[in-house]
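Peer 1: Pasting in a structure now, in structure tokens, and then I'll have a few things to ask.
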Amino acid sequence: MRSSSYSPLPARGLRAVVALALAAGLATTAPAAHADTPAPASPAGTAAPGVRPDTAAEPLAAKPYMGWSSWSMQSSKYPGLNPDGDYSWLTEANVRKQTDALAGKLKRYGYEYVNIDAGWWRDKAWTPEFDRYARQKADPVRFPRGMKAVADHIHAKGLKAGIYLPVGLEKEAYADGKAPIWNADGCTTADIVHDDLRTTNGWDSAYKIDFSDPCAQKYIDSQARLFTDWGYDFLKLDGVGPGSFKSGENYDNVADVAAWQKAFATAGRPIHLEISWSLDIGHAADWKKYSNGWRIDTDVECYCNTLVSWESSVDDRWDDAPAWTRHAGPGGWNDLDALDVGNGEMDGLTKAERQSYATLWAIAKSPLYTGDDLTRLDLYGLSLLTNREVIAVDQGAGPPARPVTASDPQQVWATKNPDGTYTVALFNLADAPAAVTADWTSLGFTGRAAVRDLWNHENLGTHRNRITEALPAHGSRLFTVTPHGRAVALTGYEAESEDNTLTGSASVTDCSTCSGGKKVGNLYTGGKLTFNDVDVPRAGTYQVRITYVGGDARSASVSAGGGGAVRHTFASTGDWGTPATVSVPVTLDAGANTVVIDSGSGYAPDIDRIDVPASS
60 MRSSSYSPLP ARGLRAVVAL ALAAGLATTA PAAHADTPAP ASPAGTAAPG
110 VRPDTAAEPL AAKPYMGWSS WSMQSSKYPG LNPDGDYSWL TEANVRKQTD
160 ALAGKLKRYG YEYVNIDAGW WRDKAWTPEF DRYARQKADP VRFPRGMKAV
210 ADHIHAKGLK AGIYLPVGLE KEAYADGKAP IWNADGCTTA DIVHDDLRTT
260 NGWDSAYKID FSDPCAQKYI DSQARLFTDW GYDFLKLDGV GPGSFKSGEN
310 YDNVADVAAW QKAFATAGRP IHLEISWSLD IGHAADWKKY SNGWRIDTDV
360 ECYCNTLVSW ESSVDDRWDD APAWTRHAGP GGWNDLDALD VGNGEMDGLT
410 KAERQSYATL WAIAKSPLYT GDDLTRLDLY GLSLLTNREV IAVDQGAGPP
460 ARPVTASDPQ QVWATKNPDG TYTVALFNLA DAPAAVTADW TSLGFTGRAA
510 VRDLWNHENL GTHRNRITEA LPAHGSRLFT VTPHGRAVAL TGYEAESEDN
560 TLTGSASVTD CSTCSGGKKV GNLYTGGKLT FNDVDVPRAG TYQVRITYVG
610 GDARSASVSA GGGGAVRHTF ASTGDWGTPA TVSVPVTLDA GANTVVIDSG
660 SGYAPDIDRI DVPASS
């Protein structure tokens, strides 16, 4: 599920909170056991964390996972999708149809996970089912044959099965504290939560688990064993904090995520652990340590009469992904949420927007899981989801792409691949057509380069120094660039140099990760940093690299000499100690120049240094 998949929250004030009885009165009796519930047994065999017992060298999440998820269709108000009321789409019959379609249309391209999201243990009025051990039990109307039968069907198609839970002990499962914990003599639900019944997760729908009591880990172990016995390969743990729009001690679920990772390590079956949503980047090290993927943002779904819309909230990812880029790699990936580009009108996007959506997901190396109706993919959507060259960008070795230009309406993202080529994406995020230029100096070389268009499978020949494309509103292009030139020569200028001029609030501060051990900060409401004596051999427009630090996105005006200033946006680097570098075009005269970075009336990022190419 997403930020709203479990108990839908307001989408930027556009819709009211749906009352799902999650904060209602507590259950007073423990429900009877479901047919899916295994009898108590001896502990399962062990396996090394993240290693499949049947293939001892294959790690989990070596690459971003690919597949399908149910939430986009569950959450949409598109006509006919949820005829029995909100979120009623999720049924065993519908999951089986999507499984069969995935196997027939997308499996050969690498899509393999069929992920069942929120609601599988709740009826259409959102009333939950639990077994006598306080574990979620399949709703008998939604899933009449139980969850094991669904996983068996998925596996019979050569695919992997995913399931979902909110973090914490659901309030309705507490059962007055008297429900026993499976395979844990003497433990009850009263033992595994705090005595004051403090709540947790993004909806406050569960009691916070107290892991100081050994019974708490036993409860997580029992849930993990249940999923293992059913045959699931993937768990999405949702509402996790810090994140999910919650902070503070009650919403710190790092211990929960660690407990799940520990439980899966000994459950007898490797299970991919994905956590959600809008997670706190300050805990990135914890998410990387204990999980295989983490949702960096709010829901991509619009909770409207389509699956998504550009403004709610596909376009947010260009702002939010850059800070997370450095945290992704084999074993754990930045999850941008569902990729809904296959259903045309039902997606709610233009063709240009669908391609840009898929382009960002691929270059960011996000998991590629669609929430579309796979039984009615249109030809254009199928071409986007099955483009092998674009899939190879997502699945290939090397780091995710990052912005190499400022985060303005026209942007360039790039990454250098292990073979020396570059993956380069051009984006026009403006509401009108515009040209976008990728300058080779922003990639680190000058001269000629061969360009291949990945979406169109077309070689575009050799381009000298740059490539410029006219793009529609919200449009994009995706290239492989093979350099045949030379490395760019740069002259560096440290922000803290005594040769520079600081104006207003600007001041030099320490920065252990900055190139000179210092930076210029406090650039706000008129604060300026002026680099003096920036020397170039000839007049021209230079791609000046600005290395900056910013715990949030900020803007600054950049100018040279007495020339007109251009305001640029600098994406967050994730914190106030991590530098990032982007290039901005600056027109310089031959000889000595001044380059000014001006906060204007707002707040600018801290500045580490600038680097000026030897040629324009």
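All the letters of the sequence shown, read from the start, carry residue numbers 60 to 675 under our numbering.
Glycine included, C-beta positions come from ideal geometry on N, C-alpha and C.
1) Count the other C-beta atoms from every protein chain shown that fall within 10 angstroms of the C-beta of N559, then say buried if there are 16 or more, exposed otherwise.
2) From T114 to P329, what does the alpha carbon distance come to, in whole angstroms?
3) Considering Q133, what are the terminal residues of the alpha helix (DSSP H) in which it resides?
4) Kindly indicate which three-state DSSP category A673 falls into: helix, strand or coil?
5) State the CB to CB distance for the pair L42 and E171, rounded to an integer number of angstroms; the pair is presumed to be in contact (CB under 8 Å).
6) Identify the residues that DSSP records as bridge partners of M125: which are they?
7) Excluding the five sequence neighbours on either side, which residues of its own chain have a C-beta within less than 8 Å of the C-beta of D406, listed in chain order?
8) Could you check if S675 is buried or exposed, using at least 16 other CB atoms within 10 Å of its CB as the buried criterion?
9) Nearest to T584 by alpha carbon, out of K136, S658, S337 and K577?
10) Count the other CB atoms, across all protein chains shown, that sit within 10 Å of the CB of L438; report buried if there are 16 or more and exposed otherwise.
11) Report the partner residues of I334 according to the DSSP bridge assignment.
12) Does the pairing of the region 258-271 with the region 187-197 give three or more beta-carbon distances under 8 Å?
13) Below 8 Å on the Cβ atoms is my contact criterion, and I expect K321 with N174 to pass it. Report the Cβ-Cβ distance as a whole number of Å.
14) Among A344, E151, A152 and S134, which residue has its Cα nearest to the Cα of D145?
15) Enumerate in chain order the residues of its own chain whose CB-to-CB distance from A89 is below 6 Å, with the five nearest sequence positions on each side excluded.
16) With a CB to CB cut of under 6 Å and the five nearest residues on each side skipped, what residues in its chain are close to G178?
17) Going by DSSP in three states, W392 sits in which element: helix, strand or coil?
18) Less than 8 Å between the CB atoms is what I'm expecting for L228 and A283, so what's the real figure, rounded?
19) Where S64 and V449 are concerned, what is the direct C-alpha to C-alpha distance, given to the nearest angstrom?
20) Would you call the region 546-558 in contact with the region 621-632, where contact means no fewer than 3 C-beta pairs closer than 8 Å?
21) How many Å lie between H212 and A546 at the Cα?
22) What separation, rounded to the nearest whole angstrom, lies between the Cα atoms of S128 and A317?
23) Applying the criterion that 16 or more other CB atoms from any shown protein chain within 10 Å of the CB defines a buried residue, is R597 buried or exposed?
24) What beta strand (DSSP E) runs, 3 residues minimum, are completely inside the region 462-535?
25) Suppose you measure from the CA of D311 to the CA of A215; what does that come to, to the nearest Å?
26) Could you check how far apart the C-beta atoms of L513 and V603 are, in whole angstroms? I think they sit under 8 Å.
27) Apply the 10 Å Cβ neighbour rule to P200 and answer buried if 16 or more other Cβ atoms are within range, or exposed otherwise.
28) Quick check: what's the CA-CA separation for G563 versus I666?
29) Just the Cα atoms here: how many angstroms apart are G327 and W289?
30) Just to confirm my understanding: we take T637, look at its own chain, exclude 5 residues before and 5 after, and list those with CB closer than 7 Å. What are they?
31) Provide the residue span of the beta strand (DSSP E) that contains Q195, from first to last.
32) With DSSP as the reference, identify every bridge partner of T186, one or two as the case may be.
33) Start and end of the alpha helix (DSSP H) containing N153?
34) Quick check on Y552: does DSSP put it in helix, strand or coil?
35) Throw me the rounded Cβ distance for the T496 and T527 pair, which I believe falls under 8 Å.
36) Out of curiosity, what's the CA-to-CA distance linking R525 and V643?
Peer 2: Judging by the given coordinates:
1) Position 500 of the sequence shown, counted from the first residue, corresponds to residue 559. That one is buried.
2) On the sequence shown, residue 114 is found 55 positions in, with the first residue counted as 1. On the sequence shown, residue 329 is found 270 positions in, with the first residue counted as 1. Residue placement at T114 cannot be trusted, given a pLDDT of 37 that sits under 50; the coordinates are not used to answer.
3) Along the sequence shown, read from residue 1 onward, the residue named residue 133 stands at position 74. Its alpha helix (DSSP H) spans residues W130 to S134.
4) Taking the sequence shown and counting its residues from 1, the one referred to as residue 673 is at position 614. Three-state result, A673: coil.
5) This structure cannot speak to residue 42, because the chain is shown only from 60 to 675.
6) In the sequence shown, the residue the question calls residue 125 occupies position 66. DSSP lists L427 as partners of M125.
7) Along the sequence shown, one-based indexing puts residue 406 at 347. These residues qualify, in order along the chain: T365, L366, V367, D399, V400, R413, D431 and G440.
8) Taking the first residue of the sequence shown as position 1, residue 675 is located at position 616. With 16 or more other Cβ atoms within 10 Å, it is buried.
9) Working through the sequence shown from its first residue, we reach residue 584 at position 525. Selected option, being the one with the closest Cα: S658.
10) Sequence index remark: in the sequence shown, residue 438 carries index 379 (1-based). Taking every protein chain shown into account, the CB of L438 has fewer than 16 other CB atoms within 10 angstroms, so this residue is exposed.
11) Along the sequence shown, one-based indexing puts residue 334 at 275. L296 and W353, per the DSSP bridge assignment.
12) no
13) Translated into the one-based positions of the sequence shown, residue 321 becomes position 262. Translated into the one-based positions of the sequence shown, residue 174 becomes position 115. The Cβ separation is near 22 Å, so there is no contact.
14) Counting from 1 along the sequence shown, the entry for residue 145 is found at position 86. Residue S134 is the option with its Cα nearest to D145.
15) Numbered from 1 along the sequence shown, position 30 holds the residue referred to as residue 89. Bear in mind that the predicted position of A89 carries a pLDDT of just 35, short of 50, making it unreliable; the figure below should be weighed with that in mind. Excluding positions up to five away in sequence, the list reads R191, A234 and A238.
16) For the purposes of this step, residue 178 is taken as residue 119 along the sequence shown, with counting starting at 1. Once the five neighbours on either side are set aside, the close Cβ partners of G178 are Y146 and L149.
17) Taking the sequence shown and counting its residues from 1, the one referred to as residue 392 is at position 333. Looking at W392 - three-state DSSP - the assignment turns out to be strand.
18) Working through the sequence shown from its first residue, we reach residue 228 at position 169. Working through the sequence shown from its first residue, we reach residue 283 at position 224. Not really, about 15 Å apart at Cβ, beyond 8 Å.
19) Residue mapping note: residue 64 aligns to position 5 of the sequence shown, counting from 1. Residue mapping note: residue 449 aligns to position 390 of the sequence shown, counting from 1. Bear in mind that a pLDDT of 44 at S64, under 50, signals an unreliable position, so the number given afterwards is only what the model happens to contain. Between S64 and V449, the C-alpha separation is close to 29 Å.
20) no
21) As a position in the sequence shown, residue 212 is number 153, starting the count at 1. As a position in the sequence shown, residue 546 is number 487, starting the count at 1. Cα to Cα, H212 sits roughly 54 Å from A546.
22) Taking the first residue of the sequence shown as 1, we reach residue 128 at position 69. Taking the first residue of the sequence shown as 1, we reach residue 317 at position 258. Distance between the alpha carbons of S128 and A317: 24 Å.
23) Walking along the sequence shown from the start, residue 597 turns up at place 538. So R597 ends up on the exposed side.
24) 469-475, 481-487, 493-498, 507-512, 517-523 and 525-530
25) Residue 311 sits at position 252 when you count from the first residue of the sequence shown. Residue 215 sits at position 156 when you count from the first residue of the sequence shown. Their Cα atoms are separated by approximately 39 Å.
26) Position 454 of the sequence shown, counted from the first residue, corresponds to residue 513. Position 544 of the sequence shown, counted from the first residue, corresponds to residue 603. Wrong, their Cβ atoms sit about 29 Å apart, outside the cutoff.
27) As a working mapping, residue 200 is identified with position 141 in the sequence shown. The residue asked about is misnamed: residue 200 is Val in this sequence, not Pro. Its Cβ having fewer than 16 others within 10 Å, V200 is exposed.
28) Residue 563 sits at position 504 when you count from the first residue of the sequence shown. Residue 666 sits at position 607 when you count from the first residue of the sequence shown. Near 15 Å, if we compare the C-alpha coordinates of I666 and G563.
29) Position 268 of the sequence shown, counting from 1, holds the residue named residue 327. Position 230 of the sequence shown, counting from 1, holds the residue named residue 289. Cα to Cα, G327 sits roughly 12 Å from W289.
30) Taking the first residue of the sequence shown as 1, we reach residue 637 at position 578. So the qualifying residues of the chain are T572 and V608.
31) Counting from 1 along the sequence shown, the entry for residue 195 is found at position 136. Neither: Q195 is in no beta strand (DSSP E) and is coded neither H nor E.
32) Within the sequence shown, residue 186 is the residue found at index 127, counting from 1. BP columns for T186 are empty, so no partner.
33) Here the question's residue 153 lines up with position 94 in the sequence shown. Unbroken alpha helix (DSSP H) run through N153: E151 to K164.
34) Here residue 552 is taken as the residue at index 493 of the sequence shown, counted from 1. Annotated three-state conformation of Y552 is strand, per DSSP.
35) One-based indexing of the sequence shown puts residue 496 at position 437. One-based indexing of the sequence shown puts residue 527 at position 468. 4 Å between Cβ atoms; contact.
36) Within the sequence shown, the letter at position 466 stands for residue 525. Within the sequence shown, the letter at position 584 stands for residue 643. Those two C-alpha atoms are separated by around 14 Å.
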